[in-house]
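Have a look at the structure below before the remarks.
Numbering (the numbering used here), first residue to last: 206 to 622.
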């Protein structure tokens, strides 16, 4: 918007003819509108990718591999305020840190109330009006966003251009009164991904085909209520991915689908990720869902990350008793055992948690776990777990039989390498 201090103050006091006065006012109005609606300008004017990516940081590994860090959250503490109780804070995130590498699928697993959806909402600035970031850092390709206001998010265009999201209920994403083709095209035209309706149509058909939708031209003419849940979810994925985001957050995208359709959608997600080199953050409560697509896995519990590593490290060499419980609760005909359950429930974020938050549900809890919060222990440069069982001074323990079997297989495969 035009700075009022720079506006010609003589407009209304000089002896200029009225016509010239209106010309000057017209120019000021034109400038104001140009600034106000600059988001409708050319895509290159809208977002400078070179400047944005210049701050990218890299993670270097022992073998010399360097991975660009697409997103990073460091030691974040977040609370929700209660409008009816001004002095009360609901502490939802208790210091978790996470790195999302470019071109990788990073799954975040946890029960309801673990904080997995909240931590990822920080990446696109939709935590809610009553959310307060008490401390910590949030970065997208090295660009800090932890202090962003709603206006900052709108002005930066990070939401949409850098990070987009697919949610659990696809019907809440689509407009029920519009044909899906028009909705997909509209998103591309508004965000200047294409210049013409013809380009938008062709691109929409292309991305619908990429999501394994048969006869995409016919689907373009359908309303949401004329499609199945699995097809709607694939339409939403096509619409979002067609906008070319760098990072795609997928919050329980397969939970409402039956197993057969769920498998199809997971295949679509993996193929799109590999083809387009997307960085995907996949949120779920089901470890089995991401076993086939994740590169990295983080396990969340009570607002903290308690174990994380490469997918194979978590699935085959788990160290935290909570991770054991998640794995043992996965259906597997080869285990020859009854499905295990994890007793109890996640502690309320309103409570003042002392020690290890999982201790009261943990059959392997040590005495100190009820008083002292455990540190992280590193098992490799990518695998860490927050459990006192890994302390060199901890008493010996015997993990569940199936977990011990996984360990032996994993360690044997490491020796072969």
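Just so you know, even glycine gets a beta-carbon here, dropped at the ideal spot from N, CA and C. Computed from a predicted structure; not experimentally measured.
Asked: Verify whether the separation of the beta carbon atoms of residue 552 and residue 507 is less than 8 angstroms.; Found: yes
Asked: Exposed or buried, what is residue 576 when buried is set at 16 or more other beta-carbons lying within 10 Å of its beta-carbon?; Found: exposed
Asked: Give the DSSP-derived three-state secondary structure of residue 249 in the structure shown.; Found: The predicted position of residue 249 is uncertain, since its pLDDT is 41 and thus under 50; no value can be drawn from it.
Asked: Per the contact definition of three or more C-beta pairs closer than 8 angstroms, is the stretch 482-495 in contact with the stretch 453-463?; Found: yes
Asked: Please confirm if the stretch 335-344 is in contact with the stretch 278-285, defined as three or more CB-CB distances below 8 angstroms between the two stretches.; Found: yes
Asked: What's the call for residue 322, buried or exposed, on a 16-neighbour Cβ count within 10 Å?; Found: buried
Asked: Going by DSSP, which residues form a beta bridge with residue 149?; Found: Shown here, the chain extends from 206 to 622; a query on residue 149 therefore has no answer.
Asked: Here's the rule I'm using: 16 or more other beta-carbon atoms within 10 Å means buried, otherwise exposed. How should residue 603 be labelled?; Found: exposed
Asked: Within the continuous alpha helix (DSSP H) that includes residue 415, where are the two ends?; Found: 402-415
Asked: Whole angstroms are fine: how far does the CA of residue 503 sit from the CA of residue 578?; Found: 19 angstroms
Asked: So residue 291 is in the beta strand (DSSP E); what residue range does that whole segment cover?; Found: 290-299
Asked: Which residue wins for smallest C-alpha separation from residue 347, given the options 550, 564, 292 and 306?; Found: 306
Asked: Would you check if the distance between the CB atom of residue 471 and the CB atom of residue 435 is smaller than 8 angstroms?; Found: no
Asked: If you count every other CB in all the chains shown that lies within 10 Å of the CB of residue 561, and 16 or more means buried, which is it?; Found: buried
Asked: How big is the Cα-Cα spacing for residue 564 and residue 597?; Found: 19 angstroms
Asked: Taking the alpha carbon of residue 412 as the point to measure from, which residue in 473, 555, 427 and 426 has its own alpha carbon closest?; Found: 473
Asked: Would you list the one or two residues that DSSP bridges to residue 476?; Found: DSSP output for residue 476 lists no bridge partner at all.
Asked: Buried or exposed: where does residue 325 fall if 16 or more other Cβ atoms within 10 Å of its Cβ makes it buried?; Found: buried
Asked: Please state if the CB of residue 274 and the CB of residue 260 are separated by a distance shorter than 8 angstroms.; Found: no
Asked: Over what stretch of residues does the alpha helix (DSSP H) that includes residue 388 continue unbroken?; Found: 385-395
Asked: Give the list of continuous beta strand (DSSP E) stretches no shorter than 3 residues that lie fully inside the stretch 259-290.; Found: 263-265 and 271-287
Asked: Any idea what DSSP makes of residue 255, helix, strand or coil?; Found: helix
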